[in-house]
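In our numbering, the protein residues as written are 9 to 171.
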C-alpha cells in the first residue's frame with residue numbers, strides 16, 4: 009500500500025472541509041483499504057475508528073459478492089438507512105471516500121456530486137493523473153477464489169448418460 013504525503017493529506021482535509029461546508033454531505037473522509045482514515049474535514053492524521061473499520065469490512069464483502077455475481081468492478085457502496093444514506097465511493101484501488109447524507113430526496117444529486125469529488129481526490133492523490141476509480145480483490149484473494157472454483161468443477165460428479 010502506498011502512503012500519502014502530508015501536504016496532500018492536508019489538501020484533502022481542506023477539500024473535504026470545503027465540500028462539507030457548502031453541501032448537505034456529512035462526515036466526509038478519505039479511508040484506505042486497511043481501515044485507516046487518511047483525511048477528514050477536521051483532520052489530516054491517520055486514524056482508525058468504527059466508521060473506517062466497518063467500511064473496510066463492507067468493501068471486502070462487496071468485493072466478494074461482486075466476484076460471485078460477475079457484475080464488473082466495484083465502484084461504490086450505498087447504504088440506505090432509516091434517516092439517510094451512507095456512501096462509499098472508490099477513489100482508486102487503495103482509497104475510498106466516505107460520506108453521509110440525511111436529505112434522502114437529494115440522493116441522486118449527491119451521488120453525482122460525490123463521484124465528482126472522488127475524481128478530484130483521485131487526481132490529487134495521483135498527481136493530476138486520473139487512474140481507475142474502482143476496487144478489486146488482491147491477487148492472492150483472486151487466486152484463492154479461482155482455486156476454489158477449480159476444485160468445485162473437479163468434485164462435481166456427472167451422472168452416466170443413457171446412450
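Yeah, the Cβ is synthetic: ideal placement off N, Cα and C, and Gly gets one too.
A contact is defined here as three or more CB-CB pairs under 8 angstroms, and the region 100-108 meets this definition with respect to the region 31-50. Going by beta carbons, residue 101 and residue 144 fall inside the 8 angstroms limit.
For residue 62, the secondary structure class from DSSP, reduced to helix, strand or coil, is helix. Contiguous alpha helix (DSSP H) elements confined to the region 79-152 occur at 115-134, taking only those with 4 or more residues. Under the three-state reduction of DSSP output, residue 76 falls in the helix class. A distance below 8 angstroms separates the beta carbons of residue 122 and residue 95.
Excluding sequence positions up to five before and after residue 115, its CB lies within less than 7 angstroms of the CB of 93 and 109, all in the same chain and listed in chain order. In the DSSP secondary-structure assignment, residue 38 is bridged to 47 and 105. About 6 angstroms separates the beta carbon of residue 99 from that of residue 141, a gap short enough to meet the 8 angstroms contact definition. Comparing alpha carbon positions, the residue from 23, 11 and 17 closest to residue 42 is 11. Looking at the DSSP output, residue 33 bridges to 109. By the Cβ-count criterion, residue 48 is buried, with 16 or more other Cβ atoms from all chains shown falling within 10 Å of its own Cβ.
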